[in-house]
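Novice: Per this note's numbering, the sequence shown starts with residue -9, numbered consecutively.
Below is the structure I would like to discuss, written out as structure tokens.
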Amino acid sequence: MNGRPGVTGGRAETTFPTEQRGSVSTTMAILPIITAPDPLLKKHCEPVQAVGDDVRRLIGDMLETMYKAPGIGLAAPQVGVLRRIIVVDVSRPGEGPGEGEAPDPHCLINPEPLWLSERENAHEEGCLSLPDQYAEVVRPAQIRVAFLDRDGERREMEADGMLATCIQHEMDHLEGILFVDHISALRRSMILRRLSKSKRGDKPMAKYATA
Ligand code: NI
């Protein structure tokens, strides 16, 4: 998921904590991000069977790729890996060094929803796989999820606000669901048409949302 520029921000720098245990390398790679209408974005992803160095390396690369984009969330299928892995960081970086919030990366392997609040929230969402497209999406305002961490330990977390929205957006990717699947068919077709036009190199139409 990417935040709307100037609203949810995005982390421009590529540094992030590398505290993960068992990491085999400190060299991270920027991975190519797949964009719609690639069929890989519509696939169901398989659970990770064992959390090993290959998974930790992929998570490191996904974080690097997300921060570089910049984005606030990324799911493995967006980099062509059909496994149930998501990374999220909704902290707001500042304009300069030492400003803004510290990075707050969350890496969830095999995430499963345990509870969704009845109360709902509307957030304007974007997606690194639907570049420059935004729409307001209504989702449960609070969630509790279970997942495996980078050491393969089972953990649970609760989230609300933008973090809850972002985790749900990324978990949707693991089922082949994009944020545009939550909005009206008319608005969805407008966004996808605009995306395919800009992919063909045509002059992009006016931005869907103002500001
Ligand atoms: Ni997305």
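Glycine included, C-beta positions come from ideal geometry on N, C-alpha and C.
So, helix, strand or coil for A149, using DSSP?
Specialist: Residue state, collapsed to three classes: strand.
Novice: Whole beta strand (DSSP E) runs in the region 85 to 149 with 3 or more residues, listed along the chain?
Specialist: Within the region 85 to 149, the complete beta strand (DSSP E) runs of at least 3 residues are 96 to 106, 110 to 117, 120 to 130, 132 to 138.
Novice: Is the Cβ-Cβ distance between H163 and P67 less than 8 Å?
Specialist: Yes, Cβ-Cβ distance for H163 and P67 is below 8 Å.
Novice: Along the chain, where does the alpha helix (DSSP H) that runs through A65 open and close?
Specialist: From DSSP, A65 is part of no alpha helix (DSSP H) but of the beta strand (DSSP E) over 63 to 65.
Novice: Could you tell me which of D139, P87, A131, E89 sits nearest to N100, measuring between CA atoms?
Specialist: Closest by alpha carbon: D139.
Novice: Do the region 71 to 88 and the region 125 to 135 make contact, defined as three or more Cβ pairs closer than 8 Å?
Specialist: At 8 Å Cβ cutoff, the stretches do not touch.
Novice: Are three or more beta carbon pairs between the region 55 to 62 and the region 131 to 148 nearer than 8 Å?
Specialist: The region 55 to 62 vs the region 131 to 148: no contact.
Novice: Helix, strand or coil for G49? Go by DSSP, reduced to three states.
Specialist: A quick correction: the sequence has Ile, not Gly, at residue 49. Three-state DSSP puts I49 in a helix.
Novice: Leaving out five residues before and five after T55 in sequence, what residues of the same chain have Cβ atoms less than 7 Å from its Cβ?
Specialist: Closer than 7 Å at the Cβ level, and outside the excluded window around T55, lie I20, L21, I23, L64, V69.
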